[in-house]
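Working notes, structure below.
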């Protein structure tokens, strides 16, 4: 430990300084005579890592163990169980456990650090520039204690965690905000970790190990960092894997890879997922992202030009107001109100998405264009559904060219990018938000035949990762016959999703709502005419 003359107490600021740490060659952990040395090693390794000492020793006064840090391998150990044994083995220990050797190891480590530090600093500057910090302060609550903490507290926690929440609640935005904060902490000298964001949907397709994925992400800015360097320095990085639910191929292998990495000493990972149970598979704590408060909803609407925000929200039902506490729903509502006017109230959530996507496409497609927005939307919906079901689907243009000319495929891709529904990625084009992709897929599916929809339900009705697609589908379908196909299947085969889909179709307006409560739905479910009664009341 480092003590100052002024206080005679441990001085953490000095102990963390490069000047002190660069001069530290040996760390010693001393235990009492009756204590086990195995218990002392973890503590010794902590101080060794803290001070960057290449040599460390643990002893209880009679037994001695000496360790030499070895890069990318287990530390080399020399043991002596008695003082006499120590005398016998001392020549060998002295040869391996020498200050000359320690200086050589330390000098090499300092040289590597000095080489890498400016590279990582440039990367952090790029992270801050590329990630837009959320202007709305978000809170999360911890799974076990239900304790509520702010996003700023999470950035300082220095612990692994999974951020869970419903679709569109803002998990990706929170990940980006945390990355920006961590990058600032590194540049300010308050943290030694570099945030690296990985998209889980790129797993198996773009990277097959977390270290290689991190190196590829950093290489976009600074190609000097390798996967081997990331693997050898887990204490330098905070790996942030966004959207575990979007990893459709080999998802179990990704979760296993995360679990192995989380068990590594000095590692830190932050993940996001709709599936809260992913945290138990990985072996990390879970925090759940809270919805926006009513005050934040009103503030967001006013900031986006909806000046009669209180009046707008007063026309929503309780269920509708709760749904609008979701940032994505709220953003789509703003577009809905721009088109329909402040006095309009959407029929249900799917109507909000419908108007939002239509306005996004119409705004960027000229009225006299060769193809209209509905055609573009249908083609994007076909691709969205195919990509949800098959992660190895061809890139968008290759997919479209199989059914049209190359010029038409290029136009559709260009319209999608200009509208904001598609974004350019380093390996092609992808949807800007998973929920928008799911709505396009649901809307496309809703326009297919009853037999096609029935077959789709039978094949995919039990897939947990498609639950939101089914909820959006039930809001998209306007034909009572097609509605019955979906609800009949779910009622008999997936009751939990069936109930969610019923509630998802509820009308959002207080003025026209006559939706059944949860208790009424459960009571009517068992009656012969219950299905038709429920659909009729919430249509």
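Numbering (this note's numbering), first residue to last: 68 to 606. By construction, the Cβ of each residue, glycine as well, lies at the ideal position given by its N, Cα and C atoms. From a predicted model like this one, the values you see are computed outputs, not experimental measurements.
For residue i, write down the residues that DSSP places opposite it in a beta bridge.
{"i": "residue 123", "result": "94 and 134"}
{"i": "residue 356", "result": "207"}
{"i": "residue 270", "result": "274"}
{"i": "residue 340", "result": "231"}
{"i": "residue 421", "result": "DSSP output for residue 421 lists no bridge partner at all."}
{"i": "residue 479", "result": "In DSSP, residue 479 forms no bridge with anything."}
{"i": "residue 265", "result": "308"}
{"i": "residue 217", "result": "206"}
{"i": "residue 489", "result": "498"}
Could you tell me whether the Cβ atoms of residue i and residue j are closer together than 8 Å?
{"i": "residue 133", "j": "residue 177", "result": "no"}
{"i": "residue 158", "j": "residue 129", "result": "no"}
{"i": "residue 91", "j": "residue 118", "result": "yes"}
{"i": "residue 281", "j": "residue 241", "result": "no"}
{"i": "residue 458", "j": "residue 238", "result": "no"}
{"i": "residue 353", "j": "residue 308", "result": "no"}
{"i": "residue 267", "j": "residue 219", "result": "no"}
{"i": "residue 121", "j": "residue 154", "result": "no"}
{"i": "residue 422", "j": "residue 407", "result": "yes"}
{"i": "residue 357", "j": "residue 208", "result": "yes"}
{"i": "residue 124", "j": "residue 93", "result": "yes"}
{"i": "residue 221", "j": "residue 254", "result": "no"}
{"i": "residue 231", "j": "residue 355", "result": "yes"}
{"i": "residue 115", "j": "residue 136", "result": "yes"}
Can you grab the Cα-Cα spacing for the pair residue i / residue j, in whole Å?
{"i": "residue 509", "j": "residue 518", "result": "16 Å"}
{"i": "residue 557", "j": "residue 373", "result": "38 Å"}
{"i": "residue 497", "j": "residue 381", "result": "37 Å"}
{"i": "residue 514", "j": "residue 524", "result": "15 Å"}
{"i": "residue 288", "j": "residue 249", "result": "17 Å"}
{"i": "residue 545", "j": "residue 560", "result": "22 Å"}
{"i": "residue 582", "j": "residue 569", "result": "Confidence is the limiting factor: at residue 582 the pLDDT is only 45, short of 50, which leaves the residue's position unreliable and the question unanswerable from this model."}
{"i": "residue 579", "j": "residue 395", "result": "Residue confidence for residue 579 is low, a pLDDT of 38 falling below 50, so the modelled location carries little weight and cannot support an answer."}
{"i": "residue 442", "j": "residue 456", "result": "22 Å"}
{"i": "residue 112", "j": "residue 235", "result": "42 Å"}
{"i": "residue 375", "j": "residue 393", "result": "19 Å"}
{"i": "residue 360", "j": "residue 265", "result": "29 Å"}
{"i": "residue 331", "j": "residue 325", "result": "10 Å"}
{"i": "residue 454", "j": "residue 534", "result": "16 Å"}
{"i": "residue 521", "j": "residue 205", "result": "40 Å"}
{"i": "residue 565", "j": "residue 349", "result": "29 Å"}
{"i": "residue 262", "j": "residue 274", "result": "18 Å"}
{"i": "residue 405", "j": "residue 270", "result": "38 Å"}
{"i": "residue 87", "j": "residue 292", "result": "26 Å"}
{"i": "residue 336", "j": "residue 329", "result": "7 Å"}
{"i": "residue 327", "j": "residue 492", "result": "28 Å"}
{"i": "residue 185", "j": "residue 334", "result": "22 Å"}
{"i": "residue 425", "j": "residue 214", "result": "41 Å"}
{"i": "residue 506", "j": "residue 526", "result": "19 Å"}
{"i": "residue 501", "j": "residue 413", "result": "22 Å"}
{"i": "residue 584", "j": "residue 530", "result": "Low local confidence applies: a pLDDT of 49 at residue 584 is under 50, so the model's placement there is unreliable, with the coordinate-based value given in what follows. Cα to Cα, residue 584 sits roughly 26 Å from residue 530."}
{"i": "residue 410", "j": "residue 290", "result": "53 Å"}
{"i": "residue 538", "j": "residue 322", "result": "26 Å"}
{"i": "residue 183", "j": "residue 283", "result": "16 Å"}
Within the continuous alpha helix (DSSP H) that includes residue i, where are the two ends?
{"i": "residue 548", "result": "547 to 560"}
{"i": "residue 146", "result": "Per DSSP, residue 146 belongs to no alpha helix (DSSP H); it is in the beta strand (DSSP E), 143 to 147."}
{"i": "residue 497", "result": "Looking at the DSSP string, residue 497 is not in any alpha helix (DSSP H); the run it does join, the beta strand (DSSP E), is 495 to 498."}
{"i": "residue 373", "result": "Careful: residue 373 lies outside any alpha helix (DSSP H) and carries neither H nor E."}
{"i": "residue 197", "result": "166 to 197"}
{"i": "residue 448", "result": "440 to 456"}
{"i": "residue 349", "result": "345 to 349"}
{"i": "residue 88", "result": "85 to 89"}
{"i": "residue 542", "result": "534 to 543"}
{"i": "residue 61", "result": "Within the shown structure, residues of the chain are numbered from 68 to 606, placing residue 61 beyond reach of any answer."}
{"i": "residue 517", "result": "517 to 527"}
For the beta strand (DSSP E) that contains residue i, what are its first and last residues?
{"i": "residue 306", "result": "304 to 309"}
Between residue i and chain C, is any beta-carbon pair separated by less than 8 Å?
{"i": "residue 293", "result": "Considering every chain present, this structure includes no chain C. It has just one protein chain."}
Check whether the segment 298 to 316 touches the segment 191 to 198, taking contact to mean three or more Cβ pairs, one atom from each stretch, closer than 8 Å.
Segments in contact, no.
Is there contact here, the segment 145 to 152 with the segment 359 to 375, by at least three beta-carbon pairs under 8 Å?
Contact between the segment 145 to 152 and the segment 359 to 375 is absent: fewer than three C-beta pairs spanning the two stretches fall below 8 Å.
Taking contact to mean 3 or more Cβ pairs, one atom from each stretch, closer than 8 Å, check whether the segment 219 to 236 and the segment 382 to 390 are in contact.
These segments do not touch.
At least 3 beta-carbon pairs within less than 8 Å: the segment 484 to 492 vs the segment 524 to 544:
Judged by pairs of C-beta atoms under 8 Å, the segment 484 to 492 does not touch the segment 524 to 544, as fewer than three such pairs exist.
Report yes or no: do the segment 339 to 347 and the segment 288 to 297 share at least 3 C-beta pairs separated by less than 8 Å?
The segment 339 to 347 is not in contact with the segment 288 to 297.
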